[in-house]
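Below: the structure, in structure tokens.
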Amino acid sequence: MGPVLRALYAYGLSLGLIVAALSPPLRDPPEDSFPFSDYPMFSHGRPTPMLTITQVLGVWPEGVRKPLPPTITSGSYEVMQAMMTIAIAHRADAAGYCQELAERVAADDDYAEVGFIEIATGTWDTLAYFEEGPEPIERTVHHRCPVRR
Amino acid sequence: MSALERLDRFWRRPMPATRLATIRLIVGLFGAIYLAIRTPHLLSYALDDVDRFRPVGVIALGGAPILPAVYQALVIATVALAFVFLAGWRHRILAPIYAGLLWVVLTYSNSWGQIMHTDNLLLLHVVVLALTPSADALSMDATRKGPPERHVDKRYGWPVRLLVAVGVVPYLLAGVAKLQNSGFDFVAGETLRNYVGFDNVRKLELGSVHSPLGAWLLPYPAFFSVLAWVSFVLELGAPLAVFGRRLGKLWAIAVWGFHVGVLALMAIGFVYQLTFVAFAPYFDVEKLWDRKPLKRLLAKLGWDSPGSALPEPDAPDVAGLDKAPEPADDQADGVGRVGDGHEAAEAEDEPDHHP
Chain A
30 MGPVLRALYA
40 YGLSLGLIVA
50 ALSPPLRDPP
60 EDSFPFSDYP
70 MFSHGRPTPM
80 LTITQVLGVW
90 PEGVRKPLPP
100 TITSGSYEVM
110 QAMMTIAIAH
120 RADAAGYCQE
130 LAERVAADDD
140 YAEVGFIEIA
150 TGTWDTLAYF
160 EEGPEPIERT
170 VHHRCPVRR
Chain B
5 MSALERLDRF
15 WRRPMPATRL
25 ATIRLIVGLF
35 GAIYLAIRTP
45 HLLSYALDDV
55 DRFRPVGVIA
65 LGGAPILPAV
75 YQALVIATVA
85 LAFVFLAGWR
95 HRILAPIYAG
105 LLWVVLTYSN
115 SWGQIMHTDN
125 LLLLHVVVLA
135 LTPSADALSM
145 DATRKGPPER
155 HVDKRYGWPV
165 RLLVAVGVVP
175 YLLAGVAKLQ
185 NSGFDFVAGE
195 TLRNYVGFDN
205 VRKLELGSVH
215 SPLGAWLLPY
225 PAFFSVLAWV
235 SFVLELGAPL
245 AVFGRRLGKL
255 WAIAVWGFHV
265 GVLALMAIGF
275 VYQLTFVAFA
285 PYFDVEKLWD
295 RKPLKRLLAK
305 LGWDSPGSAL
315 PEPDAPDVAG
325 LDKAPEPADD
335 QADGVGRVGD
345 GHEAAEAEDE
355 PDHHP
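First to last, the protein sequences are chains A and B.
Residue 30 is where the first sequence starts when you use this note's numbering, and the numbers rise one by one after that.
Residue 5 is where the second sequence starts when you use this note's numbering, and the numbers rise one by one after that.
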């Protein structure tokens, strides 16, 4: 490769990658993609400490409810992946998703005492959470299904 | 000298082949271990669930999930090629294939509803290293072919600049996004504290691990306001790291500290950054080979022969930087008489070398 071609290659690749990396916020609407993103996470104003999310709960004897981990809810270790899986799956087919979760729980000895699965949306004051306890301000159960063994 | 000439002298400043090659080894070693450990995780996306499929990037071009068996084969091939990339074997052909496969596999794993931002920089660094002569030294190719014609050359300089440039862009964009979406409320208000509380509770309520330290600090809003200012300055000031090596090194260390803070307060781990691998391009990493254990490792690999690895300090093409700080432009491809690379790097701290 001659010197001119080398220079063209150097600047072509450099400009191409830098422009591609800088371009997501310039699109309409701005694009969060991979590997080029506008990096919107944690950028929006959050003036209050309130949190509302849809979650998957295991119901133990005596009615004790505990969130089930991402390995059960999405088959992955990624908590954000789990959050999106729950949101998408519960909107698409809550009954089918609940049944799928019940089967996973039934096959896992760590959850031998779990009798029911609940898909619920809860709201918390995240500052009070660590001072006063983890009980939600409100919780709506969308779907409940038994764990059959 | 015109602005374009100054820009060219900055961007394509000669650097030692061993610096770029050492970055390839560091990034390549990280990639090989990281992908090997995460193989089960990557394979878990061998799904055909159309309802959950939210394709992004290159995967969106296809529109439908890849057949699970085909995706599994791509993951295995990517992991195998990660080790080939590390060894620097048939780099010109196999490294771009590795970069392409890594692009596809990582994009696919981000195509299920949630885009993670932890692997963006690893992928972009691999792309740059795969498309540049990063295996001209310290590699199986170098052992086979012999030494590069010039140990210190323009073609080893601009890839390092590019690695740094693509490394600062995500931080700049994150800062711009904060400015656009919440303005100075991000630093003046309680936004960051609320985010830390929000993220920790979200993790707990989704059955994952949280940061007890972050939860413990929530009653102290002033602490989070200071952190918000620090992150704002680091993010919006990121481009300065491209234009000064000393500043770049300081910025890299500060951003590493920022990621340690994010891990401590929010249990969010950017492994590529936390291991400092992401910041290798900001440093004279070829100096690592001056250490005895690494010299012995080179000897074992057969990479320390004059034909393959480090430049000889007295070699004609690497002597005399102190006498000729400006590379001569009259040689073929602008390769000048420069030092052994260490001196070249230090000389870059001089402000008159910047555009």
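Where is the CB? At the ideal position from N, CA and C, for every residue including glycine.
Check each candidate in B:Leu167, B:Ala242, B:Gly92 and B:Val191 and name the one with the smallest Cα separation from B:Ala146.
Taking the first residue of the second sequence as position 1, residue 146 of chain B is located at position 142. Here the closest residue by C-alpha is B:Gly92.
Determine whether the Cβ of B:Leu39 lies closer than 9 Å to any Cβ atom of chain A.
Position 35 of the second sequence, counting from 1, holds the residue named residue 39 of chain B. It does not: the Cβ of B:Leu39 has no partner Cβ on chain A nearer than 9 Å.
Sub-9 Å separation of A:Thr83 and B:Gly117 beta-carbons:
Residue mapping note: residue 83 of chain A aligns to position 54 of the first sequence, counting from 1. Residue mapping note: residue 117 of chain B aligns to position 113 of the second sequence, counting from 1. It is not a contact, given that the beta carbons lie outside the stated cut-off.
Just the C-alpha distance for A:Arg120 and B:Ala245, rounded to the nearest angstrom, thanks.
Here the question's residue 120 of chain A lines up with position 91 in the first sequence. Here the question's residue 245 of chain B lines up with position 241 in the second sequence. If I take the Cα positions, the gap works out to 45 Å.
Backbone secondary structure at A:Glu17 - three-state DSSP:
Given that chain A is displayed from residue 30 to residue 178, the structure contains no residue 17 of chain A and the question cannot be resolved.
Nearest-angstrom Cα separation, counted from A:Pro165 out to A:Ala135:
As a first step, residue 135 of chain A is located in the first sequence; it is residue number 106 there, counting from the start. As a first step, residue 165 of chain A is located in the first sequence; it is residue number 136 there, counting from the start. The alpha-carbon atoms of A:Ala135 and A:Pro165 are separated by roughly 27 Å.
Under 7 Å between beta-carbons, which chain A residues line up against B:Ala169? List them in chain order, please.
The residue you call residue 169 of chain B lines up with position 165 of the second sequence. Result: Ile47.
Determine whether the beta carbon atoms of B:Tyr102 and B:Ala134 lie at a separation below 9 Å.
If you number the second sequence from 1, residue 102 of chain B lands on position 98. If you number the second sequence from 1, residue 134 of chain B lands on position 130. The answer is yes: Cβ separation under 9 Å.
At which residues does the beta strand (DSSP E) containing B:Met270 begin and terminate?
Sequence index remark: in the second sequence, residue 270 of chain B carries index 266 (1-based). Segment Arg249 to Met270 is the alpha helix (DSSP H) holding B:Met270; no beta strand (DSSP E) there.
Sort B:Val173, B:Ile272 and B:Arg295 by Cα distance to A:Leu44 and report the nearest one.
Within the first sequence, the letter at position 15 stands for residue 44 of chain A. Among B:Val173, B:Ile272 and B:Arg295, the Cα nearest to that of A:Leu44 is on B:Val173.
Residues within the stretch 88 to 115 of chain A neighbouring chain B, beta-carbon criterion of under 9 Å:
Lys95, Pro96, Leu97, Pro98, Pro99, Thr100, Ile101, Thr102, Ser103, Gly104, Ser105, Tyr106, Glu107, Val108, Met109, Gln110, Ala111, Met112, Met113, Thr114 and Ile115
A:Ser72 and B:Lys182 closer than 9 Å at C-beta
Translated into the one-based positions of the first sequence, residue 72 of chain A becomes position 43. Translated into the one-based positions of the second sequence, residue 182 of chain B becomes position 178. Yes.
When we look at the beta-carbon of B:Ile27 and count the other beta-carbons within 10 Å, is it buried (16 or more) or exposed?
Taking the second sequence and counting its residues from 1, one reaches residue 27 of chain B at position 23. By the 10 Å Cβ count, B:Ile27 comes out buried.
Just the Cα atoms here: how many angstroms apart are A:Pro96 and A:Val176?
Taking the first sequence and counting its residues from 1, one reaches residue 96 of chain A at position 67. Taking the first sequence and counting its residues from 1, one reaches residue 176 of chain A at position 147. Approximately 15 Å between the Cα atoms of the pair.
DSSP state of B:Pro44, grouped into three classes?
As a working mapping, residue 44 of chain B is identified with position 40 in the second sequence. B:Pro44: helix per DSSP, three-state reduction.
Just tell me which of B:Ala219, B:Ala84 and B:Arg16 has its CA closest to the CA of B:Val156.
Position 152 of the second sequence holds residue 156 of chain B. Selected option, being the one with the closest Cα: B:Arg16.
Contact criterion: CB-CB distance below 9 Å. Does A:Phe159 meet it with respect to chain B?
As a working mapping, residue 159 of chain A is identified with position 130 in the first sequence. Closer than 9 Å to some Cβ of chain B, the Cβ of A:Phe159 qualifies, so yes.
Tell me which residues of the stretch 184 to 208 of chain B have at least one Cβ-Cβ distance to chain A shorter than 9 Å, keeping chain order.
Gln184, Asn185, Ser186, Gly187, Asp189, Phe190, Gly193, Glu194, Thr195, Leu196, Arg197, Asn198, Tyr199, Val200, Gly201, Phe202, Asp203, Asn204, Val205, Arg206, Lys207 and Leu208
Is the CB of A:Gln128 under 9 Å away from at least one CB in chain B?
Reading the first sequence from its first residue, position 99 is the one you call residue 128 of chain A. No, no contact with chain B.
Since B:Asp157 sits in a beta bridge, which residues does DSSP pair it with?
Locating residue 157 of chain B in the second sequence gives position 153, counting from the first residue. Bridge partners of B:Asp157: B:Met19.
For the candidate residues B:Ala141, B:Tyr276, B:Leu85 and B:Lys253, whose alpha-carbon lies nearest to that of B:Val31?
Counting from one through the second sequence, the residue named residue 31 of chain B turns up at place 27. Of the candidates B:Ala141, B:Tyr276, B:Leu85 and B:Lys253, the one whose C-alpha sits nearest the C-alpha of B:Val31 is B:Tyr276.
Using beta carbons (cut-off 9 Å, strictly below), is A:Leu80 in contact with chain B?
To locate residue 80 of chain A, count along the first sequence from 1; it is residue 51. Chain B contact via Cβ: present.
B:Gly218 to B:Arg58, Cα distance in whole Å?
Residue numbering aside, residue 218 of chain B sits at position 214 when the second sequence is read from its first letter. Residue numbering aside, residue 58 of chain B sits at position 54 when the second sequence is read from its first letter. About 32 Å.
Just the Cα atoms here: how many angstroms apart are A:Phe145 and B:Leu90?
In the first sequence, counting from the first residue as 1, residue 145 of chain A sits at position 116. In the second sequence, counting from the first residue as 1, residue 90 of chain B sits at position 86. Answer to the nearest angstrom: the Cα atoms are 49 Å apart.
Using a 10 Å radius around the Cβ and a threshold of 16 neighbouring Cβ atoms, would you call B:Tyr224 buried or exposed?
Indexing the second sequence from 1 puts residue 224 of chain B at position 220. When all chains shown are included, B:Tyr224 counts as exposed.
Contact set between B:Asp55 and chain A, taken where Cβ atoms lie within less than 8 Å
Looking up residue 55 of chain B in the second sequence gives position 51. Those within 8 Å of B:Asp55 in chain A are Ile117, Ala118, Ala121 and Asp122.
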